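Inspection log for the structure reproduced underneath, given as structure tokens.
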Amino acid sequence: MATDQARAPQALSAEDAEVAVDILRALLAQEFAETRWDEVERLINALKDAVAAGNFDAFDAAVVELELVGPIRVTRLGSIPVVPPPSRVRERVNRLIHELVKPSSSPQEPNDRPARH
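And the structure:
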């Protein structure tokens, strides 16, 4: 049945994983308001879930959102203080990076799925 095949988890391409890892590592160097870190944590969880499910659309959406979550360039006087990543976020990022870079038992062929940037 075609719908069963569509739901089967698939391995991410090495290129997709590399893009996600680069974004996750860059997040560790950022400073945001605590409420923004809460949003980043939600996106990290969405990315983790997409990887676990082999859901490429959800993976791509989470990667794009994480890429766009960057710091606001203009800071106003009296603005909310920014902080480096809380330990819970650092831990989730590090676990996800480990998951993305670990060798797969069945690596995907490069042409199986075009990488998105």
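Numbering (this note's numbering), first residue to last: 620 to 736. Glycine included, each C-beta is placed from N, C-alpha and C at the ideal position. Source: prediction; values computed, not measured.
In this structure, the beta-carbon distance from valine 670 to glutamate 718 falls below 8 Å.
Across the set Glu637, Arg707, Asp635, Phe678, the C-alpha of Arg707 shows the shortest separation from the C-alpha of tryptophan 656.
For a cut-off of 8 Å, the C-beta gap from leucine 646 to proline 704 is around 7 Å, short enough to register as a contact. Sequence-distant partners of leucine 715 (beyond 5 residues in either direction) whose C-beta falls short of 7 Å from its own C-beta, in its chain, are Leu643, Ile663, Leu666, Lys667. Under the three-state reduction of DSSP output, valine 702 falls in the strand class. DSSP lists Val702 as the bridge partner or partners of phenylalanine 651. Residue range 633–646 is occupied by the alpha helix (DSSP H) that includes leucine 643. Annotation: the continuous alpha helix (DSSP H) that includes alanine 677 extends over 675–687.
The DSSP-derived three-state label of lysine 721 is coil. Aspartate 635 counts as buried, since no fewer than 16 other beta carbons sit within 10 angstroms of its beta carbon. A Cβ-Cβ contact shorter than 8 Å links glutamate 650 with valine 702. Separation of the CB atoms of valine 688 and glutamate 658 is rounded to 7 Å, and the pair is thereby assigned contact status at 8 Å.
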